[in-house]
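The sequence shown: position 307 = 322 (the working numbering), numbered continuously.
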Amino acid sequence: MKLREILNGVEYSCGQGSEDTEIGSLVYDSRKVEKGSVFFCLKGVKTDGHVYARQAAEAGAAALIVEEPVDVPESVTVIRVGSTREALAYMSINWFGNPASKLEIIGVTGTKGKTTTTHMIKKILEEDGHKVGMIGTVGAFIGDEKYATVNTTPESYELHQLFDRMVREGCRYVVMEVSSQAIKHARTLGIHFTCGVFLNISQDHISPGEHATFEEYFGCKKELFRQTGPAIVNIDDPRWKEAVELAKDEIITFSRRTKADYMAEDIHNIWEPGLIGVTFRLDGRRTGQICINMPGDFNVENALAAIAAAAQVGASDSAILSGLRKAYVKGRTQLLSGPSSFTTMLIDYAHNAVSAENLLSMLKSYHPERLIVLFGGGGNRAKARRYDMGLAAGKYADLTVLTMDNPRDEEVEEINKTIIEGLEVHHGKYITIIDREEAIHYLLDNARKGDIIALIGKGHEEYQEIKGKKYHFSEEEVVEEYCRKKFGRN
């Protein structure tokens with residue numbers, strides 16, 4: 016493909032060389048440059064691609080996309096643009112033939128709940144018989160097949176590469192988390208979203224490497240709605256009107272507190288064999304009795320957002336009902352098959368005091384006979400985090416099992432000493448079993464009727480990091496294998 020073709024839609028000037036240069040690949044990592052590549056000099060927090068311009072030219076780059084002058088041989092074409100990130104977005108669209116235009120894409124943004132909401136939407140659309148693509152925090156999926164990604168919303172080149180693969184593999188719908196960083200760095204530029212979802216906004220991601228101020232962070236979130244059809248918005252968030260002030264299409268509302276297009280009423284916890292979650296009556300544009308197999312009434316907001324988005328692309332009532340009952344997020348209050356139908360065991364990524372307290376207080380609201388929590392502390396991390404998690408466990412759990420969790424370069428016993436200090440503030444009962452697999456086996460052997468057992472801290476992780484090495488370790492696999500051997504399950 017000629018450079019001129021993939022520059023379509025980009026404002027540029029040609030500093031040297033020719034736009035008729037033949038191009039073989041697009042890259043923004045100088046280590047991946049091959050003969051015929053276009054190299055994009057992206058500016059990041061820690062690095063500036065312009066520094067690697069000559070290295071890229073020497074490696075065989077046919078053209079460079081730059082914001083500033085670079086000193087490279089005259090044989091290399093140099094294209095000057097206002098923003099290399101914006102150029103990468105538009106040129107990636109052209110390179111892959113604009114696959115996003117062949118898909119119906121649902122974008123979800125907000126401080127909390129993006130991952131859960133996208134999983135819910137994906138499951139609803141699958142229950143309606145569609146093959147669905149999904150992109151977000153836990154990776155990218157085409158149907159059930161997972162692809163590793165670096166960012167919540169990948170760089171624009173990888174994003175369109177995924178869209179292209181999704182089109183070729185028969186996807187019609189894509190649901191994706193749209194992070195503030197993605198919008199700030201033009202990763203989603205040039206994409207039209209069938210609809211956009213705003214969940215909530217709170218103080219987060221304010222740091223030198225992310226956003227300088229809350230206003231910048233919120234401003235990036237709002238920009239999504241310049242690129243969407245209808246804007247689906249949580250009117251329980253006090254800043255919802257500001258969130259969708261840039262919307263160009265219909266505004267669709269949802270709420271669990273007030274009148275909206277999609278409303279939740281009569282919200283109740285539900286806990287029975289194989290299910291721990293929330294039920295509510297749906298009213299508004301769609302009606303019905305909804306059950307979600309995820310605990311916590313905050314998930315009602317995520318479910319309402321998912322219902323509104325799925326309905327917008329034509330999902331049936333039956334798909335909404337069955338999809339929400341079946342949806343789960345790996346490592347986020349993920350229900351496991353415990354030792355029996357009368358014991359509930361789940362995995363959650365809660366690994367700091369706030370998330371641990373939120374999780375344990377929520378599980379306590381189901382009034383289990385015993386609330387048992389298993390966790391450890393990460394090595395080479397702040398000691399205050401360990402102490403505070405001990406405080407939370409001592410406050411809510413009837414029993415805490417202290418174990419290993421990525422000790423890294425520290426000794427597990429030393430890590431757990433700090434946790435115990437926090438536990439003892441509330442006179443929390445605890446035992447210590449260093450080997451995490453052995454600790455899980457202990458819980459499976461000693462579970463009682465009416466227990467809720469929470470394995471926290473690891474979540475979706477499938478490794479233990481010890482002394483500079485990562486060893487495979489999956490709590491889900493440990494539970495499944497032990498139950499199969501001990502209780503004869505398939």
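Yeah, the Cβ is synthetic: ideal placement off N, Cα and C, and Gly gets one too.
DSSP-derived helix/strand/coil call for residue i
i, result
"THR268", "strand"
"GLY154", "strand"
"SER376", "helix"
"GLY469", "In the sequence on display, residue 469 carries Ala and not Gly. If DSSP states are grouped into helix, strand and coil, ALA469 belongs with the strands."
"ARG235", "Arg is not the amino acid found at residue 235; the sequence shown has Cys there. It is helical."
"GLY338", "helix"
"PHE229", "helix"
"SER333", "helix"
"ILE430", "helix"
"VAL123", "strand"
"ASN249", "strand"
"THR130", "helix"
"MET360", "strand"
"ARG463", "coil"
"SER28", "strand"
"GLU287", "strand"
"SER45", "helix"
"LYS138", "helix"
"ARG423", "strand"
"SER370", "helix"
"LYS58", "strand"
"LEU324", "For the record, residue 324 in the displayed sequence is Ala; it is not Leu. Helix, per DSSP."
"GLY394", "coil"
"ALA77", "coil"
"GLU37", "strand"
"ILE282", "strand"
"GLY144", "coil"
"TYR277", "strand"
N- and C-terminal bounds of the beta strand (DSSP E) containing residue i
i, result
"LYS484", "484-487"
"ARG296", "290-299"
"PHE213", "210-213"
"ASN308", "Careful: ASN308 lies outside any beta strand (DSSP E) and carries neither H nor E."
"LYS161", "160-162"
"PHE240", "Premise fails: PHE240 is in no beta strand (DSSP E) and is neither H nor E."
"TYR497", "Note, TYR497: premise wrong, no beta strand (DSSP E); alpha helix (DSSP H) at 490-502."
"TYR445", "445-447"
For residue i, the first and last residue of its enclosing alpha helix (DSSP H)
i, result
"GLU384", "Element bounds for GLU384: n/a, residue is neither H nor E."
"ARG183", "171-183"
"GLY40", "A small fix is needed here, since residue 40 is Ser in this sequence, not Gly. Where SER40 is concerned, there is no enclosing alpha helix (DSSP H), although the beta strand (DSSP E) it sits in stretches over 40-42."
"MET191", "That residue, MET191, is in no alpha helix (DSSP H); its beta strand (DSSP E) goes 188-192."
"GLN349", "Element bounds for GLN349: not the alpha helix (DSSP H) but the beta strand (DSSP E), 349-351."
"LEU18", "18-21"
"TYR411", "398-411"
"GLU9", "Residue 9 is absent from the model: the chain starts at 16 and stops at 505."
"SER195", "195-199"
"ARG69", "68-73"
"LYS256", "255-258"
Cβ-Cβ separation, residue j to residue i (assumed contact under 8 Å), whole Å
i, j, result
"TYR508", "MET309", "Residue 508 cannot be examined here, being either before or after the span of the chain that is shown, 16 to 505."
"ASN249", "PHE213", "6 Å"
"ASN297", "GLY303", "As written in the sequence, residue 297 is Leu, which differs from the Asn given in the question. With a Cβ gap of about 5 Å, LEU297 and GLY303 count as contacting."
"ILE448", "MET404", "The Cβ separation is near 17 Å, so there is no contact."
"LYS58", "ASP35", "Contact doesn't hold; Cβ gap of about 28 Å is too wide."
"VAL153", "HIS475", "6 Å"
"THR168", "SER194", "5 Å"
"VAL91", "GLY30", "Wrong, their Cβ atoms sit about 10 Å apart, outside the cutoff."
"ILE136", "ALA325", "5 Å"
"ASP420", "GLY437", "Rounded, the Cβ-Cβ distance is 15 Å, inconsistent with contact."
Next item on the list: Determine, using beta-carbon pairs with one atom in the region 403-423 and one in the region 386-393, whether at least three such pairs fall under 8 Å.
Entry: yes
Note to self: Which runs of the beta strand (DSSP E) at least 3 residues long sit entirely within the region 82-118? Give them in chain order.
What the structure shows: 92-96
Note to self: Pairs of beta-carbons, one from the region 100-108 and one from the region 287-303, closer than 8 Å: are there three or more?
What the structure shows: no
Check: Quick check: the region 146-158 against the region 358-367, are there 3 or more CB pairs under 8 Å?
Finding: no
Margin query: Below 8 Å, how does it come out for the region 173-184 and the region 104-118: are there three or more Cβ pairs, yes or no?
Written below: yes
Item checked: Inter-stretch contact (C-beta, 8 Å, three-pair minimum) for the region 330-341 and the region 259-269 -> no
Next item on the list: Count the C-beta pairs between the region 111-122 and the region 313-320 that are closer than 8 Å, then say yes if the count reaches three, no if not.
Entry: no
Check: Should the region 424-440 be called in touch with the region 453-472, which here means at least 3 C-beta pairs below 8 Å?
Finding: no
Margin query: Tell me whether the region 39-48 and the region 64-83 touch, counting them as touching only if at least three CB pairs, one residue from each stretch, are closer than 8 Å.
Written below: yes
Notebook entry, point to check: Can at least three beta-carbon pairs, one atom from the region 271-285 and one from the region 225-244, be found at a separation below 8 Å?
Noted result: no
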